[in-house]
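Just below is one structure, and these are the notes that go with it.
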Amino acid sequence: MGLAKSLAVLGLAVLLGVSQFSFGCCCVFGSQSKALVFLAYSPYWFQFFKGNNWTAVARDLELIKSMGFDGVRIHYEYVVELGLVERLLDYTQRLGLKVIWSTHATYWNIKFPTRDFPNETIVQSYKAELRVIANASSKYSHVLYVSVFYPIPFPEVAGITYEECLQRINSTEFNDAITDIVAYVKSFGVKCAVESEGIPRDFPVNFIENADGYFIQPFSTRKDDIDAQHILDYAAYFEKSGKKVFIGEYGFRMWKPAHHWDFGMVSCEAAKAELIKQYFDFASSRFEIITYFAMYDGDGGWGLVNDDGTLRLSGWSASQWFRDREKALETERLLNYMRMGVIAEIVVIVILAVFTVLNYKRVKALQNQWCGKHPRMGDACIDWKVLAEQMVHRPVSCRDFGFPNFVGS
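Here's what the structure looks like:
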């Protein structure tokens, strides 16, 4: 075989080996990917009524990290007013927590009536706060998204009819205003997603073309059940946009304010603790980002943590899920490293085998040439196949290997 042809065949063998090795690397590093799990946190729920208590906020963030969450979804109310934006971003970066900002033009009907959106006062006030958040976030790589809510004027809260609500959310004025707000956030170099609180079959919103994705809130409509099909149906509506869909809010509660819908309801803390693990298992296998709502109760019994910072049974359950996840990932990483080692060995064997076959005649010629130059070692330059056949019929002698027999042998 010519040298050029030998090199070509050897090159193919090397290419095969490299492809196998790359496949092994993909198995190792690709299999380690996981959904990012966030915990919704509103500094104002626990801190605003006690004053600007940064020590307590920092302690909350540390607890979120120690529980195992990958990130914190910060509800933005009053964080600009309290001067917490930069401090929140700096501290979450130091802790290794990802950040998503949850924002709403009217503070969920608290600062302004949601039915008045998008008048100029609401839009400009909203942009003023978004300017501070987006500008600061542009300096931090751990901020994944600013989420802009569709400010849906729900009839029960806004005091309008269902038909009026649908007319507003489908109006050109409403959707142009959201598109403009999304563009404003993105002008700072920050990703901006749009989020809907309304079940799509009841409140079908329009897609926003310049959005980077969609957050959904598929709270269970069935008591003591994660309502998996509802999650999938909710997501399917927004997946038609061609954009990525994430879970922005989802949780369980044992009580609710009188004006709230009956969603996310559970019968007891033990049921809540079990359902959280089921939700994490199901959602983390289907979405890149999921969220549990929330750290504290706020406006319902959602919390994983008591007001004094101790974990509830549901909080311990969530923490255990993260520990189990880490153990499973460690086991998977170990198995994949072992697989990659086996693949590397196969690659080496293939290359050596191909090289040997291609150069057999040359090696044989060198062997004969060496034997010719060392006649005293001629007995060592033997045909090993013939020698093996001879050994079957007679005792093995040292002379068979080119050495004199020892005395008495």
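Residue numbers 1 to 409, in our numbering, belong to the letters of the sequence shown in order.
Every residue gets a Cβ at the ideal spot worked out from N, C-alpha and C, and that includes glycine.
Given this structure, state the Cα-to-Cα distance separating residue i from residue j, to the nearest angstrom.
i, j, result
"Met340", "Val305", "42 Å"
"Val407", "Thr356", "With a pLDDT of only 48 at Val407, under 50, the local geometry of the prediction cannot be trusted, and the value read off the model is given with reservation. C-alpha separation (whole angstroms): 40 Å."
"Lys65", "Gly96", "8 Å"
"Val57", "Phe38", "17 Å"
"Ile349", "Val342", "11 Å"
"Gly301", "Ala344", "54 Å"
"Lys111", "Ile152", "15 Å"
"Ala136", "Leu89", "8 Å"
"Val347", "Asp180", "55 Å"
"Thr121", "Leu334", "57 Å"
"Gln278", "Tyr250", "12 Å"
"Ile351", "Ser284", "41 Å"
"Phe29", "Tyr337", "With a pLDDT of 49 at Phe29, under the threshold of 50, the modelled position of that residue is not reliable, and the figure given next carries that caveat. So the two alpha carbons sit approximately 10 Å from each other."
"Asp224", "Ala258", "20 Å"
"Val128", "Phe215", "Val is not the amino acid found at residue 128; the sequence shown has Ala there. Near 23 Å, if we compare the C-alpha coordinates of Phe215 and Ala128."
"Leu387", "Thr331", "Note that Leu387 scores 49 on pLDDT, short of 50, meaning its location in the model is unreliable; the coordinates nonetheless yield the value given after this. So the two alpha carbons sit approximately 50 Å from each other."
"Phe154", "Gln217", "15 Å"
"Ala273", "Val194", "30 Å"
"Ser187", "Ala270", "46 Å"
"Ala158", "Arg115", "6 Å"
Smallest Cα separation from residue i: which of the options?
i, options, result
"Trp261", "Tyr44, Glu164, Val79 and Arg222", "Arg222"
"Gly83", "Phe203, Pro43 and Glu156", "Pro43"
"Ser196", "Glu173, Tyr150 and Tyr76", "Tyr150"
"Met254", "Ser220, Phe280, Thr161 and Ile247", "Ser220"
"Phe252", "Val266, Lys243 and Glu239", "Val266"
"Ala134", "Val182, Gln93, Ile122 and Tyr162", "Val182"
"Phe322", "Pro257, Phe246, Gly71 and Gly159", "Gly71"
"Asn175", "Gln217, Val146, Asn210 and Tyr145", "Asn210"
"Arg201", "His230, Glu81, Ser138 and Lys243", "His230"
"Phe207", "Trp101, Ala328 and Ile178", "Ile178"
"Cys165", "Val205, Lys139, Val132 and His142", "Val205"
Kindly indicate the opening and closing residues of the alpha helix (DSSP H) around residue i.
i, result
"Trp54", "Trp54 to Met67"
"Leu88", "Val85 to Leu95"
"Leu130", "Glu120 to Ser137"
"Tyr184", "Thr172 to Lys186"
"Arg168", "Tyr162 to Ile169"
"Ser284", "Glu269 to Ser284"
"Ile231", "Ala228 to Glu239"
"Val99", "Run containing Val99: none in the alpha helix (DSSP H); it sits in the beta strand (DSSP E), Lys98 to Thr103."
"Val157", "Pro155 to Ala158"
Assign residue i to one of two classes, buried (16 or more other C-beta atoms within 10 Å of its C-beta) or exposed (fewer than that).
i, result
"Thr106", "buried"
"Gly264", "buried"
"Asn119", "exposed"
"Asn170", "exposed"
"Trp384", "Low confidence applies to Trp384: its pLDDT is 49, below 50, so where it sits in the model is not reliable, and the reading given next is rough at best. Trp384 is exposed by the Cβ-count criterion."
"Gly315", "buried"
"Cys268", "exposed"
"Ala236", "exposed"
"Ser102", "buried"
"Asp227", "buried"
"Ser141", "exposed"
Starting from residue i, trace the beta strand (DSSP E) in both directions and tell me its first and last residue.
i, result
"Leu39", "Leu36 to Tyr41"
"Arg201", "No beta strand (DSSP E) holds Arg201; DSSP gives it neither H nor E."
"Leu304", "Segment: none, Leu304 is in no beta strand (DSSP E) and carries neither H nor E."
"Val148", "Val143 to Phe149"
Is any beta-carbon of chain D found at less than 8 Å from that of residue i?
i, result
"Ser66", "No chain D is present in this structure, which holds just one protein chain."
Which whole-angstrom value is the C-beta distance of residue i and residue j, which I expect to be below 8 Å?
i, j, result
"Val185", "Leu130", "6 Å"
"Glu288", "Ala35", "6 Å"
"Asp212", "Lys240", "Contact doesn't hold; Cβ gap of about 16 Å is too wide."
"Tyr76", "Met295", "Rounded, the Cβ-Cβ distance is 15 Å, inconsistent with contact."
"Thr92", "Val99", "5 Å"
"Gly410", "Ser147", "Look at the range of the chain in this structure, 1 to 409, and you will see that residue 410 is not part of it."
"Leu311", "Ser319", "7 Å"
Beta carbon of residue i: closer than 7 Å to some heavy atom of the ligand PLP?
i, result
"Gly341", "No copy of the ligand PLP occurs in the structure displayed, which carries no ligand at all."
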